[in-house]
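**Q** Structure incoming, see below.
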Amino acid sequence: MPQAGTPAGSMARYERLFIGGAWVAPEDGGLMESIDPSVGRPWAVVAYGGRCDIDKAVAAARDALDGPWGRMPGHERAALMRRFADLYKERARTLAMLETRDSGRALRESLLDVGGHSNGYHWWASLADKASGRTIPFDDSVHAFTSRVPVGVVGAITPWNVPLMAAAWKLGPALAAGCTVVLKPAEHTPVTSLELGRLFEEAGFPPGVVNIVPGYGKDGAGEYLVAHPGVDKIAFTGEGATAKAILRTGAETMKRFTFELGGKSPHILFADADLEQALNAATNSAWTLCGQSCALGSRVLVQRPVYDRVVEEFARRAARVRVGQPMDEATHMGPQAHAEQLAKTLSYIDIGRNEGAELVAGGNRLGGAGLDGGYFVEPTVFAGVSNAMRIAREEIFGPVAALIPFDDEDEAVAIANDTSYGLTAGLWTGDVGRAHRVANRIRAGMVWVNTYRFIRWSTPYGGFKASGWGRENGIEALESYLETRTTVISTTGRFADAYAV
Ligand code: NDP
Numbered sequence: 005m006p007q008a009g010t011p012a013g014s015m016a017r018y019e020r021l022f023i024g025g026a027w028v029a030p031e032d033g034g035l036m037e038s039i040d041p042s043v044g045r046p047w048a049v050v051a052y053g054g055r056c057d058i059d060k061a062v063a064a065a066r067d068a069l070d071g072p073w074g075r076m077p078g079h080e081r082a083a084l085m086r087r088f089a090d091l092y093k094e095r096a097r098t099l100a101m102l103e104t105r106d107s108g109r110a111l112r113e114s115l116l117d118v119g120g121h122s123n124g125y126h127w128w129a130s131l132a133d134k135a136s137g138r139t140i141p142f143d144d145s146v147h148a149f150t151s152r153v154p155v156g157v158v159g160a161i162t163p164w165n166v167p168l169m170a171a172a173w174k175l176g177p178a179l180a181a182g183c184t185v186v187l188k189p190a191e192h193t194p195v196t197s198l199e200l201g202r203l204f205e206e207a208g209f210p211p212g213v214v215n216i217v218p219g220y221g222k223d224g225a226g227e228y229l230v231a232h233p234g235v236d237k238i239a240f241t242g243e244g245a246t247a248k249a250i251l252r253t254g255a256e257t258m259k260r261f262t263f264e265l266g267g268k269s270p271h272i273l274f275a276d277a278d279l280e281q282a283l284n285a286a287t288n289s290a291w292t293l294c295g296q297s298c299a300l301g302s303r304v305l306v307q308r309p310v311y312d313r314v315v316e317e318f319a320r321r322a323a324r325v326r327v328g329q330p331m332d333e334a335t336h337m338g339p340q341a342h343a344e345q346l347a348k349t350l351s352y353i354d355i356g357r358n359e360g361a362e363l364v365a366g367g368n369r370l371g372g373a374g375l376d377g378g379y380f381v382e383p384t385v386f387a388g389v390s391n392a393m394r395i396a397r398e399e400i401f402g403p404v405a406a407l408i409p410f411d412d413e414d415e416a417v418a419i420a421n422d423t424s425y426g427l428t429a430g431l432w433t434g435d436v437g438r439a440h441r442v443a444n445r446i447r448a449g450m451v452w453v454n455t456y457r458f459i460r461w462s463t464p465y466g467g468f469k470a471s472g473w474g475r476e477n478g479i480e481a482l483e484s485y486l487e488t489r490t491t492v493i494s495t496t497g498r499f500a501d502a503y504a505v
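Printed below as a string of structure tokens:
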């Protein structure tokens, strides 16, 4: 397999799918190109799967579930997962470089993110033998108890913004629960997911436990996976509209679903906060990942006494962000991950201007001086935003902060909750009572107080409302990969003849 340092000009080649523990050529898929978004040109040729390839991958996952993996005690599964986690740690830098090449995420961010995944896999390994049931008291005539059993074959469908993280959040709990997986990464960023196949192979996982089939979503590998009767659960991260399409397709076979969808998170700055710290968090959470994260604090709610200062600081700090080639570790912000996302971001910047928001920083595509052809956009700040504007209501997925003023606690909570989303929220205050009061009133799956984007494998993550179903990370995620079986055993063996009289 080619490495991250593939010289410019020569294409990296990932021409095989990972199915049943073997690297196989696509049967009815083919080859596609992956674009390096920092130059806008293909850098890798990648195999994609068709319907037959998905059939084979699901069959391999089912065989592993019915065979060696399904029969393996939890502590042995844990040992394999730990071996994988150690290999992941050894390769973290290479994986981070490939992630940057494929998605455009600044390497300094990829290193931080990917560097932590091994810890997550270790944590999941530690849960692989912990899923236990309970006994149900009734009377002496029966012994009733529950067992937790893997939900079965999981189709994991991941997005292009954080391919390795999204994969880790699904593979970790799925494998800990004893499930087997077919992973379908996004067409824009398939490379690092395929690299995982090498690590599973080297760690000694039985064939078919994890299968990796890049491919297209609609009318492609993604949709086939969702429709497939051999798949028991779909774990999906991406857009709400896609989730609804998946629900419709998957309804035919009554699959289980977890959905991690979009957000338009409020980040509330009260005037009594430590403003310096709050600004560090608020600017970072608006522009990190070039704005391509569902957890971003894209709506910055600012109490009026400090509003002007916050606007000024956002503009000043936007000018300090080094936008550039993502492989350069000095770069803060790389390009948008693909051309459609760049167009989407630029169109929302136009929408913001047209609906009367005040553009105080950024707003342009960047080119020239080593950026030509790449999908670069300036960190952008709109002031004077009302929560009714589209730039405050719709997920942009670009580095665009919308600064919304408010007067008091009630108004802050009302604005924060006035959204169809409910994924994350942040608030900054020096008043501990206010911290509790406001956090308690926010309708979101994750609320941060005097911090932002603290997310770990152990902290449940997921959305209220249109932001999703279920939770990733934490014990809650493990639960979503398990079914409960209740067993009732009669201690007498007697069963009355209902038709005797
Ligand atoms: P999608 O929801 O379309 O893609 C996510 C994944 O689903 C990809 O692997 C995709 O494949 C696959 N997919 C697409 N359609 C289907 C289908 N009918 N059945 C099964 N799988 C399918 O997101 P986009 O890439 O189109 O991004 C659009 C917007 O979604 C972004 O601008 C952003 O607002 C939001 N988004 C949110 C994310 C989050 O973390 N919550 C992550 C990514 C995007 P393929 O790549 O081939 O399309």
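Here the sequence shown is numbered in the numbering used here, starting from 5 and rising by one per residue.
Glycine included, C-beta positions come from ideal geometry on N, C-alpha and C.
Check whether the stretch 105 to 112 touches the stretch 336 to 349, taking contact to mean three or more Cβ pairs, one atom from each stretch, closer than 8 angstroms.
**A** Yes, the stretch 105 to 112 touches the stretch 336 to 349.
**Q** Going straight from the alpha carbon of D4 to that of G328, what length do you get?
**A** As shown, the chain starts at 5 and ends at 505. That puts residue 4 outside it, with no answer to give.
**Q** Beta carbon of F261: closer than 7 angstroms to some heavy atom of ligand 1?
**A** The residue labelled residue 261 in the question sits at position 257 within the sequence shown. No, the beta carbon of F261 sits no closer than 7 angstroms to any heavy atom of ligand 1.
**Q** Just the Cα atoms here: how many angstroms apart are G301 and D414?
**A** Stepping through the sequence shown from its first residue, residue 301 is reached at position 297. Stepping through the sequence shown from its first residue, residue 414 is reached at position 410. So the alpha carbons of these two residues sit roughly 19 angstroms apart.
**Q** Since S412 is in the alpha helix (DSSP H), which residue starts that stretch and which ends it?
**A** Within the sequence shown, residue 412 is the residue found at index 408, counting from 1. Reading off the sequence, residue 412 comes out as Asp, not Ser. Looking at the DSSP string, D412 is not in any alpha helix (DSSP H), and its letter there is neither H nor E.
**Q** Is G224 near ligand 1, going by C-beta to nearest heavy atom under 7 angstroms?
**A** Numbered from 1 along the sequence shown, position 220 holds the residue referred to as residue 224. For ligand 1, at least one heavy atom lies less than 7 angstroms from the Cβ of G224.
**Q** Quick check: the stretch 77 to 95 against the stretch 313 to 325, are there 3 or more CB pairs under 8 angstroms?
**A** No: fewer than three Cβ pairs fall under 8 angstroms.
**Q** Given that a residue counts as buried once 16 or more other Cβ atoms are within 10 Å of its Cβ, and exposed if not, what is T490?
**A** For the purposes of this step, residue 490 is identified with residue 486 of the sequence shown, where counting begins at 1. Exposed: under 16 other Cβ atoms inside 10 Å.
**Q** State buried or exposed for N477, treating a residue as buried only when at least 16 other CB atoms are found within 10 Å of its CB.
**A** For the purposes of this step, residue 477 is identified with residue 473 of the sequence shown, where counting begins at 1. Buried, since its Cβ has 16 or more Cβ neighbours within 10 Å.
**Q** Do you know how far the Cα of E362 is from the Cα of P30?
**A** Looking up residue 30 in the sequence shown gives position 26. Looking up residue 362 in the sequence shown gives position 358. Approximately 51 angstroms between the Cα atoms of the pair.
**Q** Is there contact here, the stretch 430 to 440 with the stretch 266 to 274, by at least three beta-carbon pairs under 8 angstroms?
**A** Contact holds: three or more Cβ-Cβ distances are below 8 angstroms.
**Q** Determine the closest residue to A3 out of R95, V146, W73, P233, with distance taken between C-alpha atoms.
**A** With the chain covering only 5 through 505, there is no way to say anything about residue 3.
**Q** Which term fits Y485, buried or exposed, when burial requires 16 or more other beta carbons within 10 angstroms of its beta carbon?
**A** Locating residue 485 in the sequence shown gives position 481, where the first residue counts as 1. Buried, since its Cβ has 16 or more Cβ neighbours within 10 Å.
**Q** M36 bridges to which residues according to DSSP?
**A** Within the sequence shown, residue 36 is the residue found at index 32, counting from 1. Answer by DSSP bridge pairing, in chain order: V50.
**Q** Taking only the alpha-carbon atoms, compute the straight-line gap between E483 and I493 and give it to the nearest angstrom.
**A** Along the sequence shown, read from residue 1 onward, the residue named residue 483 stands at position 479. Along the sequence shown, read from residue 1 onward, the residue named residue 493 stands at position 489. In a straight line, the C-alpha of E483 is about 25 angstroms away from that of I493.
**Q** Is A8 helix, strand or coil by DSSP?
**A** Position 4 of the sequence shown holds residue 8. Bear in mind that a pLDDT of 47 at A8, under 50, signals an unreliable position, so the number given afterwards is only what the model happens to contain. Looking at A8 - three-state DSSP - the assignment turns out to be coil, as it is neither helix nor strand.
**Q** Using a threshold of 7 angstroms, is the CB atom of E256 nearer than that to any non-hydrogen atom of ligand 1?
**A** Walking along the sequence shown from the start, residue 256 turns up at place 252. Outside the cutoff, so no.
**Q** Starting from the N-terminal side, write out each stretch of the alpha helix (DSSP H) that is 4 residues or longer and does not extend beyond the stretch 52 to 126.
**A** Those alpha helix (DSSP H) runs which fall completely within the stretch 52 to 126 and span 4+ residues are 55 to 70, 72 to 75, 78 to 94, 96 to 107.
**Q** Quick one, which of E280, A249, V230 has its alpha-carbon nearest K259's?
**A** Sequence index remark: in the sequence shown, residue 259 carries index 255 (1-based). Nearest of E280, A249, V230 to K259, Cα basis: V230.
**Q** Can you give me the C-alpha to C-alpha distance between A51 and F261, rounded to a whole angstrom?
**A** As a position in the sequence shown, residue 51 is number 47, starting the count at 1. As a position in the sequence shown, residue 261 is number 257, starting the count at 1. Those two C-alpha atoms are separated by around 27 angstroms.
**Q** Check the DSSP bridge columns for V451 and list the partner residues they point to.
**A** Residue numbering aside, residue 451 sits at position 447 when the sequence shown is read from its first letter. Beta-bridge pairing links V451 to A429.
**Q** Identify, in the order they occur along the chain, each residue of the same chain with its Cβ nearer than 8 angstroms to the Cβ of A365, setting aside the five sequence neighbours on each side.
**A** Counting from 1 along the sequence shown, the entry for residue 365 is found at position 361. So the list reads F318, A319, A322, A323, E382, P383, T384, V385, once near-sequence residues are dropped.
**Q** Any heavy atom of ligand 1 inside 7 angstroms of the beta-carbon of I250?
**A** As a working mapping, residue 250 is identified with position 246 in the sequence shown. I250 Cβ: within cutoff of ligand 1.
**Q** Which value, in whole angstroms, describes the spacing of the CA atoms of E227 and P409?
**A** To locate residue 227, count along the sequence shown from 1; it is residue 223. To locate residue 409, count along the sequence shown from 1; it is residue 405. Rounded to the nearest angstrom, the two C-alpha atoms are 43 angstroms apart.
**Q** Kindly indicate the opening and closing residues of the beta strand (DSSP E) around N215.
**A** Working through the sequence shown from its first residue, we reach residue 215 at position 211. Per DSSP, N215 belongs to the beta strand (DSSP E) from 214 to 216.
**Q** Rounded to whole angstroms, what's the CA-CA distance from D422 to G208? Just pull it up for me.
**A** If you number the sequence shown from 1, residue 422 lands on position 418. If you number the sequence shown from 1, residue 208 lands on position 204. Using only the alpha carbons, I get a separation of about 49 angstroms.
**Q** Can you determine whether any heavy atom of ligand 3 sits closer than 7 angstroms to the C-beta of F142, and answer yes or no?
**A** Questions concerning ligand 3 fall outside what the structure shown contains, since the ligands it does hold are ligand 1.
**Q** Is S484 helix, strand or coil when you go by DSSP?
**A** By one-based count along the sequence shown, residue 484 stands at place 480. Three-state DSSP puts S484 in coil, outside helix and strand.
**Q** For the beta strand (DSSP E) containing T385, name the first residue and the last one.
**A** Taking the sequence shown and counting its residues from 1, the one referred to as residue 385 is at position 381. Note that residue 385 is Val in the sequence shown here, rather than Thr. Element bounds for V385: 384 to 387.
**Q** Please state whether the Cβ-Cβ distance between A239 and K174 is less than 8 angstroms.
**A** Walking along the sequence shown from the start, residue 239 turns up at place 235. Walking along the sequence shown from the start, residue 174 turns up at place 170. Taking 8 angstroms as the Cβ cut-off, A239 and K174 qualify as a contacting pair.
**Q** Excluding five sequence neighbours on each side, which residues of the same chain lie with their C-beta closer than 6 angstroms to the C-beta of I161?
**A** Taking the sequence shown and counting its residues from 1, one reaches residue 161 at position 157. Answer for I161: K188, G226, F240, listed in chain order.
**Q** When burial is assigned at 16 or more other CB atoms within 10 Å of the CB, is I140 buried or exposed?
**A** Numbered from 1 along the sequence shown, position 136 holds the residue referred to as residue 140. With fewer than 16 Cβ atoms within 10 Å of its Cβ, I140 is classed as exposed.
**Q** Who pairs with A245 in a beta bridge, going by DSSP?
**A** Taking the sequence shown and counting its residues from 1, one reaches residue 245 at position 241. In DSSP, A245 forms no bridge with anything.
**Q** For the stretch 348 to 358 against the stretch 63 to 71, are there 3 or more C-beta pairs whose distance is under 8 angstroms?
**A** Contact fails: fewer than three Cβ-Cβ distances are below 8 angstroms.
**Q** Using only the alpha-carbon positions, how far apart do I479 and G377 sit?
**A** Locating residue 479 in the sequence shown gives position 475, counting from the first residue. Locating residue 377 in the sequence shown gives position 373, counting from the first residue. Those two C-alpha atoms are separated by around 44 angstroms.
**Q** K188 lies in the beta strand (DSSP E); which residues open and close that run?
**A** Sequence index remark: in the sequence shown, residue 188 carries index 184 (1-based). It spans 184 to 188 - the beta strand (DSSP E) in which K188 sits, taken as one unbroken run.
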